[in-house]
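So the sequence lines, in the order shown, correspond to chains A and B. Here the first sequence stands for residues 14 to 434, numbered as in this note's numbering. Here the second sequence stands for residues 10 to 496, numbered as in this note's numbering. First comes the structure, then the notes that go with it.
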Amino acid sequence: MANIIDRRLNPKDKTIKNRQKFLERSRDQIKKVVKDAISSGNIGDIEDGKIRVKVKGMSEPTFGIDPKSGNKKYVMPGNDQFVVGDKEKKQQEGGGQGTAGGLGTGEDEFEFLLNQDEFLDFIFEDLELPNMVKKQMKDVTKVKPKRAGFTNSGNPSQLDVVRSLKNSLGRRIGLGRPKNEELEELEEELEKAEKVGDEKLVEELKVKIEELKRRQISIPWLDPFDVRYRNFVPTPQPMTKAVMFCIMDVSGSMGEAEKDMAKRFFFFLHMFLKRKYEKVEIVFIRHHEFASEVDEEEFFHSRESGGTVVSSALKLTKKIIDDRYNVDDWNLYIAQASDGDNFTHDKNDTVTAMHTLLPIVQYFAYMEILNGYHSQITNTELWDIYDSLAEQYDHLHMRNVTEVVDIWKIFKELFKGTQHV
Amino acid sequence: MSKLLFDSDDWTFERLRIAEDAIAEIAYDELHLDVYPNQIEIISSDQMLEAYASNGLPMMYNHWSFGKHFLMEEQSYRRGQSGLAYEIVINSSPCISYLMEENSMTMQTLVIAHAAYGHNHFFKNNYLFKQWTDAEGIIDYLAFAKKYINQCEEHHGAAEVEATLDAAHAIMDYGVDRYKRPTRLSKKREQEQQEQREEYVQQQANELWRTLPTKKKKVVKEEEAVFPKEPQENIMYFIEKHSPVLESWQREILRIVRKISQYFYPQRQTKLMNEGWATFTHYYIMNRLWEKGMISEGNYLEFIHSHSNVLTQPTFSSKYYNGFNPYSFGSEMFDDIRRICTEPTKEDEEYFPHLVGQDWLETCLDAVRNYRDESFVAQFLSPTLIRKKRLFEITNNQRDDYVTVTSIQDHRGYDALRLTLSKQYSISKYQPNIQVLSASMSSSRELKLTFSPYNGTELNQNKTKIIEYIKYLWGYPVSIINTGSLP
């Protein structure tokens with residue numbers, strides 16, 4: 014009689030640990046592949062999360078016989094043509110023997126798919142969010158009471174009855190407070206004695222009862238000493254929400270290639286924030302002479318022409334923050350991509366706008382995309398402005414990008430968490 | 010009332026139970042099978058993939074290579090390159106058979122007959138399994154191994170454990186005493202552990218004694234005795250006991266890998282027989298169920314369809330040819346034994362006088378008990394089957410750029426074909442003969458291994474890597490000497 018068991022509900026993923034060990038073993042190789050994929054690959058593909066990885070050093074060698082060596086005889090099925098003595102040209106190796114060969118010979122490469130989570134872990138492994146910890150600890154804006162043991166004094170509403178009574182009980186037992194039952198028993202006996210008329214016993218009992226009553230009073234049933242209150246301490250709550258502002262210059266000087274680079278940068282930042290915070294919102298702001306909030310599609314794909322007024326975008330950002338994102342509840346991140354052009358007369362407005370933004374945001378990353386127009390010897394308008402601000406604000410980080418492959422490097426540098434420059 | 014066991018393609022636990030009862034009746038009463046208690050477990054395809062990754066064992070210690078195997082299986086499955094097995098069966102008591110939930114009721118019936126009765130009987134009765142494995146202890150032992158290796162990781166670091174396991178896996182095939190009978194695997198495991206603890210305590214004590222001033226020993230500078238006295242085939246065991254550098258936990262890990270290797274040792278040598286017998290069993294049982302009117306015509310046809318798929322044997326010239334299909338060749342061997350016993354030809358009387366007229370079932374059961382693939386083929390491959398399979402023999406000499414057909418399916422070829430095919434199933438055919446020759450324990454501490462090639466074969470390039478692994482375990486130089494081709 015067989016025992017039939019349904020195992021389908023047993024936990025699967027018995028192999029997870031083995032898989033992790035496997036990834037760990039090829040860590041460096043995978044990292045390189047991931048990096049290459051990011052710098053050369055298509056962002057859309059990466060977003061899919063699946064990435065093909067080829068790693069070496071994954072063979073499990075065992076002693077084997079070189080299939081080309083030796084004088085061998087073997088039997089095969091299905092002879093429909095040969096007679097003894099027939100000769101055949103040797104086929105490429107393995108031409109017959111089914112069992113031997115194959116195992117661990119030569120080929121040491123192993124290819125597999127990395128899933129999205131693993132992929133992102135590799136991407137963000139060395140990175141950390143700048144200033145995140147600082148903000149959480151420093152600006153204790155959100156506080157939540159948290160249970161922290163018990164105290165002797167407190168609000169009556171926080172009285173812990175069970176604990177108080179436990180103390181009371183312990184004390185009563187310890188000090189030997191007479192129980193009501195004992196008293197009742199004696200009183201019953203007293204009644205009986207009175208009925209019988211045993212004067213001596215009545216007297217004795219009366220004394221005993223008096224004594225018990227006295228002790229009951231002197232040892233209270235509940236002493237203030239017993240009372241316990243639940244204790245709460247205010248605990249700072251880390252903010253789990255973040256909003257990311259993507260600001261991009263869409264004036265005539267920004268071509269598709271530049272936008273593509275910007276897009277990659279924003280993509281990384283978004284992925285990164287998503288792994289750190291429970292909730293991440295994105296606001297897309299594009300600007301030329303005027304700034305407007307747009308959806309993602311429009312942000313990346315429509316093209317405008319005209320001049321460049323950076324302050325317009327910064328002001329809009331500030332306005333959106335004021336309207337929708339309470340500084341106490343949200344971690345604010347701004348990423349700006351631009352070719353560095355700005356109208357000269359906008360300089361003062363830009364500086365003023367930055368002074369309103371920088372104190373409230375967590376991080377401001379500025380990526381300047383250098384194209385052919387700019388020589389790298391002279392700085393752009395915007396670079397100069399930000400450069401002077403960067404001395405004042407640690408969390409304003411800026412970088413130059415010239416090629417797509419730089420993006421990853423830049424991103425990594427910006428988010429190293431360690432000091433830049 | 011209908012005698013049908015089931016009237017739907019979908020399986021339910023109730024139907025499985027009914028089918029299993031009917032199968033058991035035939036298995037016991039007609040085939041006289043003797044099996045471990047059966048435990049049939051239904052699993053999903055994901056779980057089946059996971060089971061693959063750990064050699065089908067229900068439990069295994071953690072190692073990256075199992076993760077790799079899982080990825081490989083998963084990939085080829087997802088790409089549709091390979092289907093999943095209908096079942097996996099474990100040589101344990103109770104004998105665990107995993108059945109996939111995707112199987113139809115007909116398939117579940119087939120699989121129960123195949124695994125829970127065919128394989129199970131083989132595990133319990135074949136002499137190799139009886140001698141080398143301990144069905145009752147294996148699950149416990151695996152649990153112990155997993156826990157122990159986990160602990161080692163905690164105490165000594167995952168990297169160290171991994172390095173030890175990597176090296177141990179590389180020489181896993183050389184962890185078996187082929188000619189000595191091993192002791193029962195878990196027989197008094199407690200006792201063994203006890204011994205080990207004592208050994209460990211003793212080591213500590215030795216360490217203390219070492220610091221005491223010793224009496225001047227008579228210094229007799231002897232010629233270094235050859236150690237070991239005789240070549241050792243069990244390289245792992247030798248290293249485990251004599252390595253100058255291994256920590257005691259590393260020795261225990263070697264022991265674990267060695268024990269698991271030993272557990273699988275009979276399987277590799279009985280693949281043909283084991284699958285053949287299981288196939289023979291399920292074919293017999295399914296046909297009996299059909300004859301008794303217990304499965305419908307439609308379900309019977311479904312069975313025949315899947316049965317003949319499993320039994321496909323591409324011929325040598327086909328691009329799908331990948332050696333002999335053990336399911337078909339194995340079951341054909343048993344079919345043929347039955348035929349020789351019951352309907353012998355003149356030729357059979359000449360070749361198998363001792364079989365003719367014997368009870369076919371007893372003969373088959375005897376073969377299951379007392380043979381492995383190599384001896385099975387040598388003993389029972391008949392001219393009839395040789396012709397039916399149109400076997401031929403190829404001679405392939407290293408120095409020639411051609412191969413020669415040296416025997417075909419005619420009366421001059423029968424003996425040669427049987428001999429060559431039998432050797433093809435010999436373990437020495439795919440596993441080079443490597444042994445420990447000597448270890449110089451008092452001077453250089455070099456470990457010398459010998460490779461005794463067979464017909465001029467050579468080791469493949471893995472040799473260098475494995476020497477590195479052995480060096481890691483031995484701690485001192487390691488070399489392999491080619492003893493020169495034996496005839």
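Every residue gets a Cβ at the ideal spot worked out from N, C-alpha and C, and that includes glycine.
- For the C-beta of A/Gly187, not a single chain B residue is nearer than 7 Å; the gap to the nearest is close to 45 Å.
- Contact between A/Tyr290 and A/Phe163 is ruled out by a C-beta separation of about 35 Å, above the 8 Å threshold.
- Per DSSP, the beta bridge partners of B/Tyr411 are A/Lys102.
- The continuous alpha helix (DSSP H) containing B/Ile248 extends over residues Ile244 to His251.
- In this structure, the alpha-carbon of B/Leu119 lies about 19 Å from that of B/Phe338.
- DSSP, reduced to helix, strand and coil, places B/Phe236 outside both helices and strands of the structure shown, so it counts as coil.
- If you draw a 10 Å sphere on the C-beta of A/Asn344, you find 16 or more other C-beta atoms in it, and that means buried.
- For B/Tyr292, the uninterrupted alpha helix (DSSP H) run begins and ends at Lys280 to Glu300, by DSSP.
- Under the Cβ criterion (8 Å, minimum of three pairs), the stretch 444–457 of chain B counts as touching the stretch 237–253 of chain B.
- Within 7 Å of the CB of A/Phe95, the CB atoms of chain B belong to Phe401, Val414 and Ile417, in sequence order along the chain.
- Contact annotation, A/Pro74 with B/Lys474: C-beta distance approximately 5 Å; criterion of less than 8 Å satisfied.
- The C-beta of B/Tyr274 comes no closer than 8 Å to any C-beta of chain A.
- Met71, Ser72, Glu73, Pro74, Thr75, Phe76, Gly77, Ile78, Asp79, Pro80, Lys81, Ser82, Gly83, Asn84, Lys85, Lys86, Tyr87, Val88, Met89, Pro90, Gly91, Asn92 and Asp93: these are the residues of the stretch 66–93 of chain A whose beta carbon lies less than 9 Å from some beta carbon of chain B, given in chain order.
- In this structure, B/Ile148 places its C-beta atom within 8 Å of the C-beta atom of B/Pro67.
- Under the three-state reduction of DSSP, B/Met116 is assigned to helix.
- With respect to A/Ser166, A/Asp239 sits apart: the two C-beta atoms are not nearer than 8 Å.
- By the rule that beta-carbons nearer than 8 Å mark a contact, B/Asp182 touches chain A.
- Scanning chain B for C-beta atoms nearer than 8 Å to the C-beta of A/Phe132 yields nothing, as the closest lies near 15 Å away.
- By the rule that beta-carbons nearer than 8 Å mark a contact, A/Ile18 touches chain B.
- By the C-beta density criterion, A/Gln349 is buried, having at least 16 other C-beta atoms within 10 angstroms.
- In the structure shown, A/Pro233 falls within a coil segment according to DSSP collapsed to helix, strand and coil.
- Leaving aside the five residues that flank B/Ser101 on each side, the residues in its chain whose CB is nearer than 6 Å to its CB run, in chain order, Ala144, Ile147 and Ile148.
- A contact is defined here as three or more CB-CB pairs under 8 Å, and the stretch 297–311 of chain B fails this definition with respect to the stretch 154–165 of chain B.
- Setting aside the 5 residues that flank it on each side, B/Pro46 is surrounded in the same chain by Pro103, each with a C-beta closer than 6 Å to its C-beta; the list follows chain order.
- Its chain contains Glu82 as the residues whose beta carbon lies nearer than 6 Å to that of B/Tyr61, once the 5 sequence neighbours on both sides are disregarded; these appear in chain order.
- Take B/Met116, set aside five residues on each side of it, and the residues of its chain with a beta-carbon closer than 7 Å to its own are Tyr95 and Ser315, in chain order.
- For A/Lys219, the CB contacts under 8 Å within the same chain, skipping 5 residues up- and downstream, are Leu203 in chain order.
- Annotation for A/Ala348: the continuous beta strand (DSSP E) segment containing it runs Asn344 to Ser351.
- With the criterion set as a beta carbon lying under 9 Å from some beta carbon of chain A, the members of the stretch 72–86 of chain B are His72, Trp73, Ser74, Phe75, Gly76, Lys77, His78, Phe79, Leu80, Met81, Glu83 and Gln84, in sequence order.
- Of the other Cβ atoms in all chains shown, fewer than 16 fall within 10 Å of the Cβ of A/Gly268; this residue is therefore exposed.
- According to the DSSP assignment, A/Arg337 belongs to the alpha helix (DSSP H) that extends over Val323 to Arg337.
- Of all residues in the stretch 24–38 of chain A, those with a C-beta nearer than 9 Å to a C-beta of chain B are Lys25, Asp26, Lys27, Thr28, Ile29, Lys30, Asn31, Arg32, Gln33, Lys34, Phe35, Leu36, Glu37 and Arg38, reading in chain order.
- In chain order, Lys77, Leu80 and Met81 make up the part of chain B whose C-beta sits under 9 Å from the C-beta of A/Phe123.
- Secondary structure at A/Asp134: helix, using DSSP grouped into helix, strand and coil.
- Annotation: B/Arg187 to B/Lys139 spans about 14 Å, alpha carbon to alpha carbon.
- Spatial neighbours of A/Thr330 in its own chain (CB-CB distance under 7 Å, excluding positions within 5 residues in sequence) are listed in chain order as Phe258, Ile260, Ile298, Ile347 and Leu370.
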